[in-house]
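Student: Protein sequence lines correspond, in order, to chains G and D.
With numbering that gives the first Met the number 0 applied, the first sequence corresponds to residues 0 to 317, in that order.
With numbering that gives the first Met the number 0 applied, the second sequence corresponds to residues 0 to 334, in that order.
Ideal Cβ placement from N, Cα and C applies to all residues, glycine included.
Have a look at this one before I ask anything.
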Amino acid sequence: MDDFGQVRKEAARILSEKKVDVVLGFKSGTIPLKAQPAFITSAKDANTLILDGFCQNNLAVFLHDLPKDKRIGFICRGCESRAVRALAIEHQVKRENLYLIGVPCSGILDWKKIQDEVEGPITSAVDNGKEIILEIHGEKQTLKRNAFLVDSCRTCTGIEPVGTDVIIGEVHLLDLDDDELPPTWAEEFEKHSPEERYQLFTEETDRCIRCYACREACPMCYCAECFVDHIMPRWSESMVTRGGTQAWHLIRAFHQTGRCVECGACERACPMDIKMTYMTDKLNADMKKKYGFEVGADDEKQPPFATITLDDKNRFVS
Amino acid sequence: MTSKVIKKDALNKTITGWMRSYDVIAPVSSKEGIHFRKISDAKEFTLQGNQKPNYPPKSIFLPQSEVLFEIKDGSYSMPEAPKRRQIILGMRSCDARAAWLLDTVFNQAEELDLYWARKREKALVVSFGCASMCSSGFCDTVGSGPFGKEGSDVMVTELDEAYYLEPLTEAGEKLTEKLDNAESGHSKAAKEIQKSSVVKEHTQADLSKINEKLYEAFDTPIWKEISESCLGCGVCTYLCPTCFCFDIVDEVDRSERVRNWDTCMFRIYSQEASGHNPRPSKAERTRQRIMHKFAYWVDNEKASGCTGCGRCVALCPVNLDIREMVQVITGLPIQ
Numbered sequence: 000m001d002d003f004g005q006v007r008k009e010a011a012r013i014l015s016e017k018k019v020d021v022v023l024g025f026k027s028g029t030i031p032l033k034a035q036p037a038f039i040t041s042a043k044d045a046n047t048l049i050l051d052g053f054c055q056n057n058l059a060v061f062l063h064d065l066p067k068d069k070r071i072g073f074i075c076r077g078c079e080s081r082a083v084r085a086l087a088i089e090h091q092v093k094r095e096n097l098y099l100i101g102v103p104c105s106g107i108l109d110w111k112k113i114q115d116e117v118e119g120p121i122t123s124a125v126d127n128g129k130e131i132i133l134e135i136h137g138e139k140q141t142l143k144r145n146a147f148l149v150d151s152c153r154t155c156t157g158i159e160p161v162g163t164d165v166i167i168g169e170v171h172l173l174d175l176d177d178d179e180l181p182p183t184w185a186e187e188f189e190k191h192s193p194e195e196r197y198q199l200f201t202e203e204t205d206r207c208i209r210c211y212a213c214r215e216a217c218p219m220c221y222c223a224e225c226f227v228d229h230i231m232p233r234w235s236e237s238m239v240t241r242g243g244t245q246a247w248h249l250i251r252a253f254h255q256t257g258r259c260v261e262c263g264a265c266e267r268a269c270p271m272d273i274k275m276t277y278m279t280d281k282l283n284a285d286m287k288k289k290y291g292f293e294v295g296a297d298d299e300k301q302p303p304f305a306t307i308t309l310d311d312k313n314r315f316v317s
Numbered sequence: 000m001t002s003k004v005i006k007k008d009a010l011n012k013t014i015t016g017w018m019r020s021y022d023v024i025a026p027v028s029s030k031e032g033i034h035f036r037k038i039s040d041a042k043e044f045t046l047q048g049n050q051k052p053n054y055p056p057k058s059i060f061l062p063q064s065e066v067l068f069e070i071k072d073g074s075y076s077m078p079e080a081p082k083r084r085q086i087i088l089g090m091r092s093c094d095a096r097a098a099w100l101l102d103t104v105f106n107q108a109e110e111l112d113l114y115w116a117r118k119r120e121k122a123l124v125v126s127f128g129c130a131s132m133c134s135s136g137f138c139d140t141v142g143s144g145p146f147g148k149e150g151s152d153v154m155v156t157e158l159d160e161a162y163y164l165e166p167l168t169e170a171g172e173k174l175t176e177k178l179d180n181a182e183s184g185h186s187k188a189a190k191e192i193q194k195s196s197v198v199k200e201h202t203q204a205d206l207s208k209i210n211e212k213l214y215e216a217f218d219t220p221i222w223k224e225i226s227e228s229c230l231g232c233g234v235c236t237y238l239c240p241t242c243f244c245f246d247i248v249d250e251v252d253r254s255e256r257v258r259n260w261d262t263c264m265f266r267i268y269s270q271e272a273s274g275h276n277p278r279p280s281k282a283e284r285t286r287q288r289i290m291h292k293f294a295y296w297v298d299n300e301k302a303s304g305c306t307g308c309g310r311c312v313a314l315c316p317v318n319l320d321i322r323e324m325v326q327v328i329t330g331l332p333i334q
């Protein structure tokens, strides 16, 4: 039995032994290059579970929506396990009600980039962890994976699931020793002057249609009422203007400071391909530099910006 | 009406000719993909295979944010209507059909939406059919097809060496009258392409049965089940060519009254001033979206509110597929 077969078996076991009410994972999508979140409640359905590079969501996003007393099995990759930790620290999930099955990850693939790479309709797509095998007009076509990995997975520093109940399979770092890989968007961004960066930020945000898929796909965006939805009094204009949209992107990013788990689910959810992680990654890097804080590093430490101590050297708390 | 042809290498010349009397709005390619905008050079117009922009061209007639009027020195003024006539070039049949469907909402004599109507009356739609269907599209199952004619003034079929133009309205006939007449060979080739464009396995969805089954399911727990993985974002509805809900707000700082796209998938869409929300969860909101497309549109217009463009299928962050949802609820396939 391959490793994922073991994962399915474990999912079936915890369901049939009634350790959990539901297992959260992925199942096949309805079109090639896609997968769907799966909520498995019966052991016999555990064999529909899959995991490959087309599983683009961070499933921890569903945890704070589910009733707090529900016992949930969760097949999680590194970024998803960090989200669980961060949510537990912020009292959004009860860790004791979760059973975390950590799994190795081979990185998430950019389905749009794959689609743009080939001519003709893709009728089937398989990601076996080593290469992507497509079928187009009945012909097989194979693509190298690394060129299609999303930026977040290329820069991932936490591929090993943390704080899990069990890890099934051998976790290993992605082999990215590939000279042909172009720089990530964040690397490109860093090369520019502040004025040029503002220009790039403007070009990206100008495409925003304010569908809030980035917010809804994010495990750490869980406010019962987002600031843009606050209408009495109104905190943000509803009209889609450049200024309003830029404010949305900046405030969203700043709310993630020291909280973002760097999974990139926001960018993958965006229908307009707007780059966002370069901002949150930078803010997290600052948190590490200034406060030595890393999201998901332990079960205790609060994000610096959520911490208040009476001996804070800044005057506003005294 | 007489069908026409334009040789492939003469297309740009024809478009340039049109540009003398019309503003031409067409899909252009930029680093962000393709999107509709006014072109200033015929060469900008790009349309490969069955491509279409993710951002739907309904925005030409119903912009995401539109100023209705502004107040200045105590008097109201409306923004000016477009002065020149427009050609919307390169719409796909799914999007042209959407404009035709939305005319039943915004363009009826007894309840005319001035803002929609004044743009629409100035616009001619020159649509391009799709020789092969896009992988997420299902236009041929919901009452249309890759060469569906509704909403177009002229429909274009791409042949090997020429474009075959079928005028469908008087305005379309007038636009194309000076072009060369098509020969029987052209018509035959076009018919062949149109015939082979549909997916053989696809069948027409039984809309009246789907409508009936949806009403039967209205008060059942099925909606909770199918919406479990819904994130509650606005991708499906904002990118839908027929979703037309809007919200009117006063931008007091600028003394403007504005209408903005709104979506039933947002929690605050149905939130009342008291705090009560008649659609409190994703289940009710998903039900509204599905019922609107496949029950209420069918009640009102005997047509599906879904044109099968497949944007929601391809771009939903969790691959919630409207075809699958309808099938799970009603047991009836859309494929």
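Taking contact to mean at least 3 C-beta pairs separated by less than 8 Å, is the region 137–156 of chain D in contact with the region 300–313 of chain D?
Tutor: Yes, they touch.
Student: Please state whether DSSP places residue 53 (chain G) in a helix, a strand or coil.
Tutor: Coil.
Student: Alpha carbon to alpha carbon, how far is residue 242 (chain D) from residue 257 (chain D)?
Tutor: Going from the Cα of residue 242 (chain D) to the Cα of residue 257 (chain D) covers about 18 Å.
Student: How is residue 193 (chain D) classed by DSSP in three states: helix, strand or coil?
Tutor: Helix at residue 193 (chain D).
Student: Does any C-beta atom of chain D lie closer than 8 Å to the C-beta of residue 238 (chain G)?
Tutor: With 8 Å as the cut-off, residue 238 (chain G) counts as an interface residue toward chain D.
Student: Assign residue 314 (chain D) to buried or exposed, taking buried as 16 or more other Cβ atoms, counted over all protein chains shown, within 10 Å of its Cβ.
Tutor: It is buried - the Cβ of residue 314 (chain D) has at least 16 other Cβ atoms within 10 Å.
Student: With burial defined as no fewer than 16 other Cβ atoms inside 10 Å of the residue's Cβ, what is the status of residue 133 (chain D): buried or exposed?
Tutor: Buried: at least 16 other Cβ atoms inside 10 Å.
Student: Output needed for residue 317 (chain G): all residues of its chain with C-beta closer than 8 Å, excluding positions within five of it in sequence on either side, in chain order.
Tutor: Because the pLDDT at residue 317 (chain G) is just 46, under 50, the model does not fix this residue reliably, and the value given afterwards should be weighed accordingly. If we look at residue 317 (chain G) and ignore the five residues flanking it on each side, its Cβ neighbours are 309 and 311.
Student: Does the region 287–298 of chain D come within contact of the region 82–97 of chain D, defined as at least 3 CB pairs closer than 8 Å?
Tutor: Not touching, per the Cβ criterion.
Student: Using the beta-carbon count (16 or more within 10 Å), is residue 76 (chain G) buried or exposed?
Tutor: Residue 76 (chain G) comes out buried.
Student: Please go through the same chain and pick out, in chain order, the residues whose beta-carbon is closer than 6 Å to the beta-carbon of residue 244 (chain G), but skip the five residues on each side of it.
Tutor: The answer, listed in chain order, is 204 and 207.
Student: Evaluate residue 266 (chain G) with the Cβ neighbour count: other Cβ atoms within 10 Å of its Cβ, from every protein chain shown; 16 or more gives buried, anything less gives exposed.
Tutor: So residue 266 (chain G) counts as buried.
Student: Between the C-alpha atoms of residue 297 (chain G) and residue 51 (chain D), what's the straight-line distance to the nearest angstrom?
Tutor: Near 47 Å, if we compare the C-alpha coordinates of residue 51 (chain D) and residue 297 (chain G).
Student: Helix or strand or just coil, what does DSSP make of residue 15 (chain G)?
Tutor: Correct three-state label for residue 15 (chain G): helix.
Student: List, from N- to C-terminal side, the alpha helix (DSSP H) runs of 4 residues or more that fit wholly inside the region 279–309 of chain D.
Tutor: Runs of the alpha helix (DSSP H) inside the region 279–309 of chain D: 281–290 and 296–300.
Student: Which residues, taken in chain order from the region 199–215 of chain G, show a beta carbon closer than 7 Å to some beta carbon of chain D?
Tutor: Listed by position, the residues of the region 199–215 of chain G near chain D (Cβ gap below 7 Å) are 206, 208, 210, 211, 212 and 215.
Student: Find the residues of chain G that neighbour residue 53 (chain D), judging by a C-beta separation of less than 8 Å, and give them in chain order.
Tutor: What residue 53 (chain D) touches in chain G: 270 and 271.
Student: Would you mind reading off the limits of the beta strand (DSSP E) that contains residue 165 (chain D)?
Tutor: 161–166 is the extent of the beta strand (DSSP E) around residue 165 (chain D).
Student: Strictly under 8 Å for the Cβ-Cβ distance: is residue 237 (chain D) near chain G by that measure?
Tutor: Yes, its Cβ sits closer than 8 Å to a Cβ of chain G.
Student: Taking the straight line between their C-alpha atoms, what separation do you get for residue 238 (chain D) and residue 210 (chain G)?
Tutor: Taking the straight line from one Cα to the other gives about 9 Å.
Student: Quick one: what's got a C-beta closer than 6 Å to residue 87 (chain G)'s C-beta in the same chain, skipping five residues either side?
Tutor: Only 94 meet the Cβ criterion.
Student: For the region 200–221 of chain D, list every residue whose C-beta sits within 7 Å of some C-beta in chain G, in sequence order.
Tutor: Cβ contacts with chain G come from no residue of the region 200–221 of chain D.
Student: State yes or no: is the C-beta of residue 219 (chain D) within less than 8 Å of the C-beta of residue 263 (chain D)?
Tutor: In this structure, residue 263 (chain D) does not lie closer than 8 Å to residue 219 (chain D) by Cβ.
Student: Out of D:17, D:253, D:299 and D:214, which one is the CA nearest neighbour of residue 101 (chain D)?
Tutor: The shortest Cα separation from residue 101 (chain D) among D:17, D:253, D:299 and D:214 belongs to D:299.
Student: Does any CB atom of chain D fall closer than 8 Å to the CB of residue 47 (chain G)?
Tutor: No, no contact with chain D.
Student: How about residue 240 (chain D) and residue 97 (chain D): are their beta carbons less than 8 Å apart?
Tutor: Yes, they are a contact pair.
Student: Given a limit of 8 Å on CB to CB distance, which residues of the region 63–77 of chain D reach chain G?
Tutor: Taking 8 Å as the Cβ-Cβ cut-off against chain G, the residues of the region 63–77 of chain D that qualify are 63 and 64.
Student: Consult DSSP for residue 243 (chain D) and reduce its assignment to one of helix, strand or coil.
Tutor: Here residue 243 (chain D) sits in coil by DSSP.
Student: Could you tell me the boundaries of the beta strand (DSSP E) in which residue 260 (chain D) lies?
Tutor: Run containing residue 260 (chain D): 255–260, per the beta strand (DSSP E) assignment.
Student: Who pairs with residue 126 (chain G) in a beta bridge, going by DSSP?
Tutor: For residue 126 (chain G), which the question treats as bridged, DSSP gives the partners G:131.
Student: Interface residues of chain G around residue 246 (chain D) at Cβ under 7 Å?
Tutor: Correct list: 237.
Student: Output needed in chain order: residues of the region 186–197 of chain D with a Cβ under 9 Å from some Cβ in chain G.
Tutor: Correct list: empty, as no residue qualifies.
Student: Give the range of the beta strand (DSSP E) segment to which residue 157 (chain D) is assigned.
Tutor: 153–157 is the extent of the beta strand (DSSP E) around residue 157 (chain D).
Student: According to DSSP, is residue 317 (chain G) part of a helix, a strand, or is it coil?
Tutor: Unreliable placement is indicated for residue 317 (chain G), whose pLDDT of 46 sits below 50; no coordinate value is reported for it.
Student: Taking 8 Å as the CB-CB limit, is residue 317 (chain G) close to chain D?
Tutor: Model confidence at residue 317 (chain G) stands at a pLDDT of 46, short of 50, so the residue's coordinates are unreliable; what they give is reported in the following sentence. It does not; no Cβ of chain D falls within 8 Å.
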